[in-house]
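Colleague: A single structure is presented below for examination.
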Amino acid sequence: MAHGAHRSPLLPPRPDVTLARDCEQCLGWGTVVTRDGHHELCHACQPGPARGESGSPRP
Ligand SMILES: [Zn+2]
Numbered sequence: 037m038a039h040g041a042h043r044s045p046l047l048p049p050r051p052d053v054t055l056a057r058d059c060e061q062c063l064g065w066g067t068v069v070t071r072d073g074h075h076e077l078c079h080a081c082q083p084g085p086a087r088g089e090s091g092s093p094r095p
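Taking my numbering, the leading residue of the sequence shown gets 37, the next gets one more, and so forth.
Structure below.
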């Protein structure tokens, strides 16, 4: 229980750069960096994994 701090993997997700090619959101990277400094799949061009409803809190 003491080791629960590491929940975000350091490796960024693998985007499909073919889809990201013409994307203005990620500039062709397929990933975007959140304000927390984490890499996420670009929501604009990447289909991404289907996330459950237990999702991230949005303001
Ligand atoms: Zn994109």
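Glycine is no exception: its CB is placed at the ideal position from the N, C-alpha and C atoms.
Whose C-beta lies closer than 8 Å to the C-beta of residue 78 among residues of the same chain, with five residues either side of it excluded?
Modeller: Numbered from 1 along the sequence shown, position 42 holds the residue referred to as residue 78. Counting only Cβ-Cβ distances below 8 Å, and skipping sequence neighbours, we find 51, 56, 59, 61, 62, 65, 66, 67, 68.
Colleague: Looking at the unbroken alpha helix (DSSP H) that takes in residue 55, where does it start and where does it end?
Modeller: As a first step, residue 55 must be located in the sequence shown, where it is residue number 19. Taken as a continuous stretch (DSSP letters only), the alpha helix (DSSP H) holding residue 55 covers 53–56.
Colleague: Could you give the DSSP three-state label for residue 74: helix, strand or coil?
Modeller: If you number the sequence shown from 1, residue 74 lands on position 38. In the structure shown, residue 74 sits in coil (DSSP, three-state: anything other than H, G, I, E or B).
Colleague: Can you tell me which residues fall inside 5 Å of ligand 1, judged by beta-carbon distance to its nearest heavy atom, and keep chain order?
Modeller: 56, 59, 61, 62, 78, 80, 81
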